[in-house]
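Here's the structure we're looking at; comments come further down.
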Amino acid sequence: MLASIAGAFDTNNDKQLQASELRSAVQTAIQGGFTAADTNRDGQLSQSEVNAAMAGVARQAAQASFRQADTDGNGQISQAEFEKAIVEPARVAFKVMDLNHDGQISQEEAQTARQVVISKLRSMNLPEASNSPRRAINAAVGSATQPQPTGGQPATTPAPATTTPAPPQSR
Ligand SMILES: [Ca+2]
Ligand SMILES: [Ca+2]
Ligand SMILES: [Ca+2]
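Heads up, this note's numbering is the position in the sequence shown plus 2, with the first residue counted as 1.
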């Protein structure tokens, strides 16, 4: 699979993917995406054209994750397949959050994970919408340790900690 993708990009057929070939492949993909999104072909992407393109990407992502979840490939997601698709990422997230690998997520570990996610999202410089991923994750991660009213406080204010959060170094 990967080899065939590399083969498609390998324009001079030397069986090696060069940086210039990868660059031109990316360039082509971007141009193709732009052309596809510019539905009225005026050479500009309007807000609604961008929205439509994003919806298309989201739909494709949804279809891809459906195919991934449908492990027996019968075109339907059984309850077992659904549970597996939900549980697997959660298990990975748990492993990532459990910094000292004791099988428990402490308040400090949850706090750290939350801080990491927030700073990541902040560095991506996303526009803040009322249902932004940052707020959603904030609410989801925050509710794991301390229940807070949804949308009660601004996302930038750190949740009040009952004790001073210790640095997550137990060793
Ligand atoms: Ca246009
Ligand atoms: Ca299935
Ligand atoms: Ca732990």
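Cβ coordinates follow ideal geometry from the N, Cα and C atoms, glycine included.
Residue i beta carbon near ligand 2 (any heavy atom closer than 7 Å)
i      : result
Gln78  : yes
Asp100 : no
Asp72  : yes
Three-state class that DSSP yields for residue i in the structure shown
i      : result
Asn14  : coil
Gly35  : helix
Ser48  : coil
Gly75  : coil
Leu19  : coil
Thr41  : coil
Ser121 : helix
Ser80  : coil
Gln106 : coil
Met126 : coil
Residue i versus residue j - alpha carbon distance
i      : j      : result
Met3   : Gln109 : Only weak support exists for where Met3 lies, its pLDDT of 47 falling under 50; the value from the coordinates is given anyway. If you take the alpha carbons of Met3 and Gln109, they lie about 42 Å apart.
Arg186 : Thr37  : With the chain represented from 3 up to 173, any question about residue 186 goes unanswered, as that position is not in the structure.
Ile32  : Gly105 : 43 Å
Ala54  : Ser80  : 30 Å
Phe84  : Ala21  : 39 Å
Ile92  : Met126 : The residue you asked about is not Ile; residue 92 is Ala in the sequence shown. Roughly 23 Å separates the two Cα atoms.
Asp72  : Ala82  : 10 Å
Arg25  : Ala63  : 24 Å
Glu90  : Val98  : 13 Å
Ser174 : Asn102 : This structure leaves residue 174 out entirely; the chain is present only between 3 and 173.
Cβ-heavy atom distance, residue i to ligand 3, below 7 Å
i      : result
Glu85  : no
Gln106 : yes
Glu90  : no
Glu111 : yes
Cutoff 8 Å: residue i Cβ touching any chain B Cβ
i      : result
Met126 : This model lacks chain B altogether, as it is built from one protein chain only.
Counted within 10 angstroms of its Cβ, other Cβ atoms place residue i as buried (16 or more) or exposed
i      : result
Ala115 : buried
Gln113 : buried
Asp16  : exposed
Ligand 1 heavy atom lying under 7 Å from the CB of residue i
i      : result
Asn53  : no
Leu123 : no
Gln46  : yes
Asp40  : yes
Proximity to residue i [Cα-Cα], best of the options
i      : options                          : result
Phe96  : Lys86, Gln62, Ala82 and Glu111   : Glu111
Ile88  : Leu101, Ser67, Ile107 and Asn102 : Ser67
Val59  : Ala39, Leu123 and Lys86          : Ala39
Ile120 : Ile107, Ala141 and Ala27         : Ala141
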